[in-house]
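>
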Amino acid sequence: MKRYLLLLSLVLTSCLEVRDVITPGDKPVIEAYLAPGSPVSMKIYTETPYSETDSVYTEPVTGLAVTLTGSNGQHIVLTDNHDGTYTSSERLGEAGLTYAMSFQHKGRTVSAETTLPQKPQGFHMDTTVVYRVYRNITGSFLPGQGGFEQEEPVDINLSWQNPDQVYHFVSALVLDENASQIVTRTGDNSFFQPPGRRFNNEPVQGESAVISSQSFEYFGRHAIILYKLNPDYAALYQNQSSTSQNISTPVSTITNGLGIFTGINADTLILTVKRK
24 MKRYLLLLSL VLTSCLEVRD VITPGDKPVI EAYLAPGSPV SMKIYTETPY
74 SETDSVYTEP VTGLAVTLTG SNGQHIVLTD NHDGTYTSSE RLGEAGLTYA
124 MSFQHKGRTV SAETTLPQKP QGFHMDTTVV YRVYRNITGS FLPGQGGFEQ
174 EEPVDINLSW QNPDQVYHFV SALVLDENAS QIVTRTGDNS FFQPPGRRFN
224 NEPVQGESAV ISSQSFEYFG RHAIILYKLN PDYAALYQNQ SSTSQNISTP
274 VSTITNGLGI FTGINADTLI LTVKRK
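According to the working numbering, the sequence shown is numbered sequentially starting from 24.
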């Protein structure tokens, strides 16, 4: 009987062990994509609460001392820009290096590490020029403004080598600073915002992607960028299925934090969108 009571006492003692519990909203959210040979830019902000009745909303976290240490011995201290972004003028090393990040937040060490991936291989695009019809929307189509002219979409086929089936995604970015819009409006434009100068395809594990010519909103040169991603980004992307009926804590490889701290690498091709 004495042996039983002693065993029960040990079990209860272990169950009552005090743990360092992190209350909701205490974890900083981090967003950082590290690329070989590039300076560092990291965003740090507060966690978004689940409840609409919460009085605290996402806001920048400032005043942190954030450091990065590379497997090559490189030590980088990020500069606090007082708006939630932390940057460096010093550039990261080559692909294959591992970088560890850490800082103190509310008495805890927030940390993560990632490896800079190799550059995508065999990136190919089957055309370098596409044509779009210029349209000026005035409420009544005028000759020469493309109002009634038919435009068949053209597929731009992209391919690359991916023997390990890691995630890649494609992004298109307008390069010409004064690029003109493919569709413009005359009269009162106060209700219309100009289209974004960048768009992304969804990440894929295959070796190809397709962009439609009608995805482009500007004439001129565009950078077609293929990003190679680390598995930690893939885990976060696959977890983006939470809904109001299925709320779950996002996957994160950051200790005492949330978000993404990952390495990326890219290759770029140039596509020109011309007026038909």
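All C-beta atoms in this analysis are idealised placements derived from N, C-alpha and C, irrespective of residue type, glycine included.
Bear in mind the structure is a predicted one, so any value in this text is a computation, not a measurement.
For F284, name the three-state secondary structure that DSSP assigns.
strand
> For A232, I'd like the list of residues in its chain whose CB is within less than 7 Å of its CB, leaving aside the five on either flank, ordered along the chain.
L181, V193, N224
> Go ahead and pull the three-state DSSP assignment for P83.
Reduced to three states, the DSSP call for P83 is strand.
> Can you check DSSP and say which residues form a bridge with F242?
For F242, which the question treats as bridged, DSSP gives no partner whatsoever.
> By the three-class DSSP mapping on this structure, what secondary structure does F164 have?
Caution is warranted here: a pLDDT of 49 is assigned to F164, below 50, making its placement in the model unreliable, and no coordinate value can be reported.
> Please determine, among A118, H98, R131, the residue with the shortest C-alpha to C-alpha distance to L87.
R131
> Going by DSSP, name the residue or residues bridged to H128.
Its beta-bridge partners are R131.
> Please determine, among V89, E54, E230, S203, the residue with the shortest C-alpha to C-alpha distance to Y190.
E230
> Using alpha carbons as the reference points, say which of P254, S275, K251, I179 lies closest to I293.
I179
> Using the beta-carbon count (16 or more within 10 Å), is S275 buried or exposed?
buried
> Only counting the same chain, and skipping five residues up and downstream in sequence, which positions put a Cβ closer than 7 Å to that of S94?
Taken in chain order, the residues that qualify are L120, T121.
> V177 and Y241 look like a contact to me (Cβ under 8 Å); what is the Cβ gap, rounded to whole Å?
In fact, because the Cβ distance is near 16 Å, the residues do not count as touching under 8 Å.
> Let me make sure I understand the geometry here. Which of S236, A135, G286, Y154 has the alpha-carbon closest to that of P254?
G286
> Using a 10 Å radius around the Cβ and a threshold of 16 neighbouring Cβ atoms, would you call T90 buried or exposed?
exposed
> In the DSSP assignment, what residue or residues form a beta bridge with P218?
According to DSSP, residue pairing for P218 in a beta bridge does not occur.
> Which residue marks the beginning of the beta strand (DSSP E) containing Y56, and which one marks its end?
Residues 52-57.
> Please go through the same chain and pick out, in chain order, the residues whose beta-carbon is closer than 6 Å to the beta-carbon of T108, but skip the five residues on each side of it.
Scanning its chain for C-beta atoms nearer than 6 Å, with the 5 sequence neighbours on each side dropped, one finds around T108 the residues K66, in chain order.
> For the beta strand (DSSP E) that contains N180, what are its first and last residues?
Looking at the DSSP string, the run of the beta strand (DSSP E) that includes N180 is 178-184.
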